[in-house]
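Residue 1 is where the sequence shown starts when you use the UniProt record's numbering, and the numbers rise one by one after that. Even for Gly, the Cβ is constructed at its ideal location relative to N, Cα and C. Remember, it's a predicted structure, so these values are computed and weren't measured experimentally. Heads up, the thing below is written out as structure tokens.
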Amino acid sequence: MMQGCVAGEHAPSASTSERPALTASQPASPAWSSPAAVRACANDDMSVVVTLQPDQSDGQARGLITLTNRSTFTCRVEGRAAISLVNPADEVVDVPTRNVDQPGRSVPALLRPGGSAFEGIKWRPCDKGSVTCGVGNTLRFNLQAGTDGPVAVLSGFPAPEATAITMASLQVGTLQPARQGVVAW
Numbered sequence: 001m002m003q004g005c006v007a008g009e010h011a012p013s014a015s016t017s018e019r020p021a022l023t024a025s026q027p028a029s030p031a032w033s034s035p036a037a038v039r040a041c042a043n044d045d046m047s048v049v050v051t052l053q054p055d056q057s058d059g060q061a062r063g064l065i066t067l068t069n070r071s072t073f074t075c076r077v078e079g080r081a082a083i084s085l086v087n088p089a090d091e092v093v094d095v096p097t098r099n100v101d102q103p104g105r106s107v108p109a110l111l112r113p114g115g116s117a118f119e120g121i122k123w124r125p126c127d128k129g130s131v132t133c134g135v136g137n138t139l140r141f142n143l144q145a146g147t148d149g150p151v152a153v154l155s156g157f158p159a160p161e162a163t164a165i166t167m168a169s170l171q172v173g174t175l176q177p178a179r180q181g182v183v184a185w
């Protein structure tokens, strides 16, 4: 049954100066707590981009690692992704590597499909001719072991043919749910 205005009642009219009330919408709940029920992300679930950061005055090079969940389900990351320098023969190059709690302890993150976590790396470049200098043309990542793994996409690095990534030593930071401060150490 339809109801209408009874004679003598007027429907409220909107004045031209009135605006609709704005209501604050709640953002989707962040997925940064890590319930044990969510499985760990595996290498095959992730795509990784390593972006070379602008030159620093301290003589060290830095890279921002962006790990993105390319699977169709939510998965969990925590700790750090291992990073390896690889030469043109597809061999892991021996580089003294130290894991550091930078920019702080790792913050576990649940990554929905398309979601990302971030990690910083810092290395000391060296002279290619030195016997103690690791020389390569790409980087690999691994969430499941300490070395090797799939190839990362490099952004801002020399062309792979140049074999111009040199490392005397490498420091690997911790996974974080946001990129702020990840390479500022």
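### Task
State whether the region 76 to 92 contacts the region 124 to 144, with contact taken as three or more CB pairs (one from each stretch) at a distance under 8 Å.
yes
### Query
Whole-angstrom Cβ separation of residue 200 and Phe73, contact assumed at under 8 Å?
Within the shown structure, residues of the chain are numbered from 1 to 185, placing residue 200 beyond reach of any answer.
### Task
Give a yes or no on whether the C-beta atoms belonging to Cys184 and Val49 are separated by under 8 Å.
Position check: residue 184 holds Ala in this sequence, whereas Cys was assumed. Result no, Cβ atoms of Ala184 and Val49 do not sit closer than 8 Å.
### Task
Assign Thr132 to one of two classes, buried (16 or more other C-beta atoms within 10 Å of its C-beta) or exposed (fewer than that).
exposed
### Message
Assess contact between the region 39 to 48 and the region 154 to 168, defined as three or more Cβ pairs (one per stretch) separated by less than 8 Å. Is contact present?
### Response
no
### Task
Below 8 Å on the Cβ atoms is my guess for Ile121 versus Gln171; work out the distance and round it to an integer in Å.
7 Å
### Task
Flag Val95 as yes if its beta-carbon sits less than 8 Å from any beta-carbon of chain C, otherwise no.
Looking for chain C here will not work: only one protein chain is present.
### Query
Cβ of Val38 within 8 Å of Cβ of Phe118?
no
### Reference Gly63; option with closest CA among Gln53, Phe157 and Ser57
Gln53
### Glu161 in three-state terms, based on DSSP
helix
### Query
In terms of alpha-carbon separation, which member of Arg105, Pro103 and Cys41 lies closest to Val77?
Cys41
### Task
Starting from the Cα of Thr97, find the closest Cα among Ala81, Gly129 and Pro103 and give me that residue.
Ala81
### Task
Would you decide whether Ser116 is buried or exposed? Buried here means 16 or more other CB atoms lie within 10 Å of its CB.
buried
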